[in-house]
DNA sequence: GAGTGGTCTAGACCACGAT
DNA sequence: TCGTGGTCTAGACCACTCC
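Protein chains in written order, with the working numbering: chain A, 1 to 253; chain B, 1 to 253.
Set out below in structure tokens:
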């Protein structure tokens, strides 16, 4: 008797810890505020550091926290709503597009991409790399695959700088008949992680899009969004972007 | 000289391990096949069990593996494509719907839901719980929130069994004007986890939908999909569902 | 150089499923 | 009862950022 805290904890420690921290974030911290370091927190809650980290990892996954090596753990702002589609069928790279073109190479696509395009796996395709920046920070990277058959008028003499714009321009001359999309969870490859300012393996939302023209798949893109900071929106009436402010969240000074 | 394997491993062990295992899964295992247990695998690769587990966790996140306590680790089948929308604007619960209704209660909705609906946070709303089963296994659970104002003709005398069908019926009498969707990463609450046959905290894709009628939000739903086994598809021309078979994957006997 | 989060180890015990 | 994955510990060292 007198043992106030026994209560047969079927619940794992890290899970309980997570809810405690989550509540504390709502009531005692402001967005951008920096938390005590992991060793202190672990000591304060009387658990091993690994256990505390399990709770922090979950909270980061849910977009509540942001951790950076050498810096610390901060309270994350609400997730950014990024419009993915279908905001009118429009070719990638059209004006008023949210993306920035980085470059383009002609290379053999990975096997799954060839299957997506319905092309020969040995066939070289134009591969445009793009980046999406919202509110000052990179939220997604994309690889857009365009088979040569979709851009028949493309000049064969192009400098690297001219390559990407020329491919997109040619693509825009086709009539876009429709698009297809799929969203799934993935983990960032080393290359994407670097571009997104995350560690390799960070959770990402992978959006695969197929663009149809002339009765076939004219292009396909694989876009990789930061899962911790982004909420993908698909809207008839895209008002969902401004919602989701949570009660009790204040902005740090 | 002779040191074939030094090469300054900036790469974390678990990351390297993950790629090795991933390749092995492609070449040496069949879907459904059971892997050696974690202790054996760790010993075989000369790492601590925790390190091995880090690699396995990532592979599970990517849908390559399936782990079950008391059973073992098996090679996962390719992700299931589940159509989310917009496959014609249609009310939830309409015929030929992929969902099964489980029950309905009238309760005060959580604050973020009230914000989504634009209703008073204290206002009780009809809350329909549904479940989505594909290919024999549960892939999603949903809570559908319907404010009383959207179902004015609803009878006040309903048995629990009549409640959900009545709410959906009333809803269908409205003209659906549009819908809004958002997808983000989350972790399964204890309740959802149980229904999805996962552990609490398992990664899930949360799909938030708002249904518009009479110029306002007439209903909202929060659907929770298993992120490990599902690929959400959004299609004009929903052919993407049958794709994505990966090379080198065979079916276990 | 000091302080942070990231990786890794070698153990222990627990909860669950199958037998 | 046994074997599995899940949780937890108490350390150690590394990579990075900032001062």
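Ideal Cβ placement from N, Cα and C applies to all residues, glycine included.
Straight-line gap, residue i to residue j (C-alpha atoms, nearest Å)
i	j	result
residue 202 (chain B)	residue 66 (chain B)	12 Å
residue 28 (chain B)	residue 20 (chain B)	11 Å
residue 12 (chain A)	residue 189 (chain B)	13 Å
residue 253 (chain B)	residue 76 (chain B)	Only weak support is given to the placement of residue 253 (chain B): the predicted model assigns it a pLDDT of 33, under 50, and the question is left unresolved by the model.
residue 175 (chain A)	residue 90 (chain A)	10 Å
residue 141 (chain B)	residue 198 (chain B)	12 Å
residue 82 (chain B)	residue 235 (chain B)	11 Å
residue 121 (chain B)	residue 92 (chain B)	23 Å
residue 173 (chain B)	residue 205 (chain A)	36 Å
residue 216 (chain B)	residue 102 (chain B)	27 Å
residue 116 (chain B)	residue 57 (chain B)	34 Å
residue 2 (chain B)	residue 44 (chain B)	Note that residue 2 (chain B) scores a pLDDT of 32, beneath 50, so its modelled location is shaky; the value from the coordinates is reported in the next line. Those two C-alpha atoms are separated by around 23 Å.
residue 55 (chain A)	residue 105 (chain B)	32 Å
residue 257 (chain B)	residue 100 (chain B)	Outside the displayed span of chain B (1 to 253) sits residue 257 (chain B), for which this structure offers no information.
residue 53 (chain B)	residue 50 (chain A)	14 Å
residue 107 (chain A)	residue 148 (chain A)	11 Å
residue 135 (chain A)	residue 196 (chain A)	14 Å
residue 10 (chain A)	residue 16 (chain A)	10 Å
residue 123 (chain A)	residue 132 (chain A)	28 Å
residue 154 (chain A)	residue 80 (chain A)	37 Å
residue 98 (chain B)	residue 137 (chain B)	13 Å
residue 18 (chain A)	residue 200 (chain B)	12 Å
residue 74 (chain B)	residue 30 (chain B)	9 Å
residue 125 (chain B)	residue 219 (chain B)	10 Å
residue 225 (chain A)	residue 159 (chain B)	45 Å
residue 47 (chain A)	residue 37 (chain A)	14 Å
residue 139 (chain A)	residue 130 (chain A)	11 Å
residue 238 (chain A)	residue 33 (chain B)	Only weak support exists for where residue 238 (chain A) lies, its pLDDT of 39 falling under 50; the coordinates are left without a value.
residue 127 (chain B)	residue 169 (chain A)	49 Å
residue 69 (chain B)	residue 42 (chain B)	17 Å
residue 152 (chain B)	residue 233 (chain A)	30 Å
residue 143 (chain A)	residue 39 (chain A)	40 Å
residue 214 (chain B)	residue 179 (chain B)	13 Å
residue 78 (chain A)	residue 150 (chain B)	29 Å
residue 25 (chain B)	residue 35 (chain B)	9 Å
residue 14 (chain B)	residue 14 (chain A)	22 Å
residue 171 (chain A)	residue 111 (chain B)	46 Å
residue 84 (chain A)	residue 23 (chain A)	31 Å
residue 177 (chain A)	residue 221 (chain A)	16 Å
residue 187 (chain B)	residue 187 (chain A)	16 Å
Cβ neighbour criterion (16 or more within 10 Å) applied to residue i
i	result
residue 118 (chain A)	exposed
residue 194 (chain A)	exposed
residue 228 (chain B)	buried
residue 71 (chain A)	exposed
residue 192 (chain B)	buried
residue 157 (chain A)	exposed
residue 231 (chain A)	buried
residue 95 (chain B)	exposed
residue 113 (chain B)	buried
residue 223 (chain B)	buried
residue 109 (chain A)	buried
residue 5 (chain B)	Caution applies to residue 5 (chain B), whose pLDDT of 40 falls short of 50 and renders its modelled position unreliable; the model cannot decide the point.
Segments of 4+ residues assigned as alpha helix (DSSP H) that fall wholly inside the segment 139 to 205 of chain A: 160 to 172 and 190 to 195
Can at least three beta-carbon pairs, one atom from the segment 53 to 65 of chain B and one from the segment 183 to 191 of chain B, be found at a separation below 8 Å? no
Closer than 7 Å, Cβ to Cβ, to anything on chain B: give me those residues from the segment 196 to 215 of chain A, in chain order. 200, 201, 203, 205, 210 and 212
Which runs of the beta strand (DSSP E) spanning at least 3 residues fall entirely within the segment 17 to 76 of chain B, listed in chain order? 65 to 68 and 72 to 75
Decide if the segment 160 to 168 of chain A is in contact with the segment 207 to 219 of chain B; the criterion is three or more beta carbon pairs, one per stretch, under 8 Å apart. no
Anything in the segment 180 to 192 of chain A with a Cβ closer than 7 Å to a Cβ of chain B? List those residues in chain order, please. 180, 181, 182, 183, 184, 185, 186 and 187
Where the segment 93 to 123 of chain B meets chain A: residues whose CB sits under 8 Å from a CB there: 111, 112, 115 and 116
Check distances from the C-beta atoms of the segment 26 to 60 of chain A to those of chain B and list, in chain order, the residues that come in under 7 Å. 58
Taking Cβ-Cβ distances below 8 Å as the criterion, which residues of the segment 136 to 155 of chain A are in contact with chain B? none
Mind listing which residues of the segment 69 to 91 of chain B have their C-beta closer than 9 Å to chain A's C-betas, in chain order? 79, 81, 84, 85, 86 and 89
Can you give me, in chain order, the residues of the segment 153 to 176 of chain B that have a beta carbon less than 8 Å from any beta carbon in chain A? none
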